[in-house]
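Here the sequence shown stands for residues 107 to 419, where the numbers follow my numbering.
Below is one structure, written out as structure tokens, with a few remarks after it.
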Amino acid sequence: MNIPADDPRLKIKLVTMNGELMPLDDAKISIMAPGLTFAATVFEGLRAYWNEEKQELFVFRMEEHLNRLLDSMKLLRFGEHPSINTLREQLLENIRSNEYREDIYIRLQAYIDDWGSMLAKGPVSTSIVSYPRPRLNAFETGRNFAVSSWRRLDDNASPPRAKASGNYINSRLAGMEARESGYDGAIILTAAGKVSEGPGGCIFIVRNGVLITPGVTSGILESLTRDSILRMALETGQAAETRDVDRTELYIADEIFYCGTGQEITPVISVDRIPAGDGKPGKITRAMQALYDKQVRDIAPENRDWRTPVYAS
Ligand code: PMP
Numbered sequence: 107m108n109i110p111a112d113d114p115r116l117k118i119k120l121v122t123m124n125g126e127l128m129p130l131d132d133a134k135i136s137i138m139a140p141g142l143t144f145a146a147t148v149f150e151g152l153r154a155y156w157n158e159e160k161q162e163l164f165v166f167r168m169e170e171h172l173n174r175l176l177d178s179m180k181l182l183r184f185g186e187h188p189s190i191n192t193l194r195e196q197l198l199e200n201i202r203s204n205e206y207r208e209d210i211y212i213r214l215q216a217y218i219d220d221w222g223s224m225l226a227k228g229p230v231s232t233s234i235v236s237y238p239r240p241r242l243n244a245f246e247t248g249r250n251f252a253v254s255s256w257r258r259l260d261d262n263a264s265p266p267r268a269k270a271s272g273n274y275i276n277s278r279l280a281g282m283e284a285r286e287s288g289y290d291g292a293i294i295l296t297a298a299g300k301v302s303e304g305p306g307g308c309i310f311i312v313r314n315g316v317l318i319t320p321g322v323t324s325g326i327l328e329s330l331t332r333d334s335i336l337r338m339a340l341e342t343g344q345a346a347e348t349r350d351v352d353r354t355e356l357y358i359a360d361e362i363f364y365c366g367t368g369q370e371i372t373p374v375i376s377v378d379r380i381p382a383g384d385g386k387p388g389k390i391t392r393a394m395q396a397l398y399d400k401q402v403r404d405i406a407p408e409n410r411d412w413r414t415p416v417y418a419s
């Protein structure tokens, strides 16, 4: 395979498969794995942030990500699997053995392996891959979104609360439609026509100085970034509420942003070509970005339990 010189894969020394460290090319799964054919796979995406002054890498909200992985496995009725303590140790060991001293992304996956039917509960295999991932340019510039013609999955069909691979067909369809139509991203509505979320992140709007985001029963993944933003709003006296959001509120909102581990806090500067506010990243969006950056990098003292130091622990 031809890999470009700046591909983050080239910086990976080792990946973890079922607890064992090995080169990426050695980590293989069976083509008959139910995790592949029937999407019996759940995963997490985490980020760890480098603090130059402290010479330390901090994993953001690691415990909550691990707990969400366990919840996803429970929802998909996975059988015997590694404990949270084992996964925590493996995750930290994985990062340490790669000796990263920059911002990274970590993908943790659990899937039904080997050979089995759609209903197989095991064997459950796990993998951990970490690699350098700098902040997106869109953090500064913002992005143009479109309301998708696809509707969000329903809790009674393919529950978005589980971070399950199968759910990402819905995300892919919406994301592809947006991209092929010349937009940077999508906002997906629920079957009832209310705002749900984007393909890989949650949506906040600002109206009259109040931060507003759909509730956890709106077909969203219970995002840890969303949760962090709501907590930071509370701590700084920024008014915030969770409630149903109508499509037309997107068109008259003063500000909009998209949030998730990967996107962090990405300003949305237009929806369906209608500018959000004055079409530039908004004041409250910028304020939340600044607070978020201080939290993830361990610059601000609040919420110490959100950050796990990699090399000191
Ligand atoms: N919704 C979806 C569908 C996602 O894939 C993600 C990314 N994990 C999020 C929301 C954001 O979740 P988090 O803030 O926990 O990364």
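Note that the Cβ used here is the ideal one computed from N, Cα and C, for glycine as well.
Note that the coordinates shown come from a computational prediction; the quantities given were computed from them, not determined experimentally.
Asked: To the nearest angstrom, how far is the alpha carbon of Glu-328 from that of Thr-143?; Found: 26 Å
Asked: Alpha helix (DSSP H) containing Pro-140: first to last residue?; Found: 140 to 143
Asked: Alpha carbon to alpha carbon, how far is Ile-118 from Val-235?; Found: 8 Å
Asked: Let me check one thing: in DSSP terms, what residues is Arg-410 bridge-paired to?; Found: None; Arg-410 has no bridge partner.
Asked: With burial defined as no fewer than 16 other Cβ atoms inside 10 Å of the residue's Cβ, what is the status of Met-107: buried or exposed?; Found: exposed
Asked: Measure the C-alpha to C-alpha separation of Gln-395 and Ser-302 and round it to an integer number of angstroms.; Found: 22 Å
Asked: Measure the beta-carbon distance from Met-175 to Ala-216 and round it to whole angstroms, keeping in mind my assumption that it falls under 8 Å.; Found: Per the sequence presented here, residue 175 reads as Leu, with Met not at that position. 6 Å between Cβ atoms; contact.
Asked: Throw me the rounded Cβ distance for the Arg-424 and Ile-210 pair, which I believe falls under 8 Å.; Found: The structure shown does not extend to residue 424, since the chain is modelled only from 107 through 419, so no value can be given for it.
Asked: Confirm, please, whether the CB-CB distance from Ala-252 to Ser-178 is below 7 Å.; Found: no
Asked: Hey, would you say Thr-414 sits closer than 7 Å to Met-224, going by beta carbons?; Found: no
Asked: With distances taken Cα to Cα, identify the nearest neighbour of Thr-354 among Glu-283, Asn-200, Val-377.; Found: Val-377
Asked: Would the stretch 283 to 292 and the stretch 312 to 332 be scored as touching if the rule is three or more Cβ pairs under 8 Å?; Found: no
Asked: Can you give me the start and stop residues for the beta strand (DSSP E) that Thr-319 sits inside?; Found: 316 to 319
Asked: What I want to know is whether the C-beta of Thr-122 ends up closer than 6 Å to one or more non-hydrogen atoms of the ligand PMP.; Found: no
Asked: CB-CB under 6 Å to Ser-203, same chain, minus the five flanking residues each way: which ones, in chain order?; Found: Leu-120, Leu-127
Asked: If you follow the alpha helix (DSSP H) that Val-402 is part of, which residue opens it and which one closes it?; Found: 389 to 402
Asked: DSSP has Tyr-274 in a bridge; who is on the other side?; Found: DSSP output for Tyr-274 lists no bridge partner at all.
Asked: Comparing alpha-carbon positions, which option in Ile-380, Pro-266, Glu-347 lies nearest Ile-358?; Found: Ile-380
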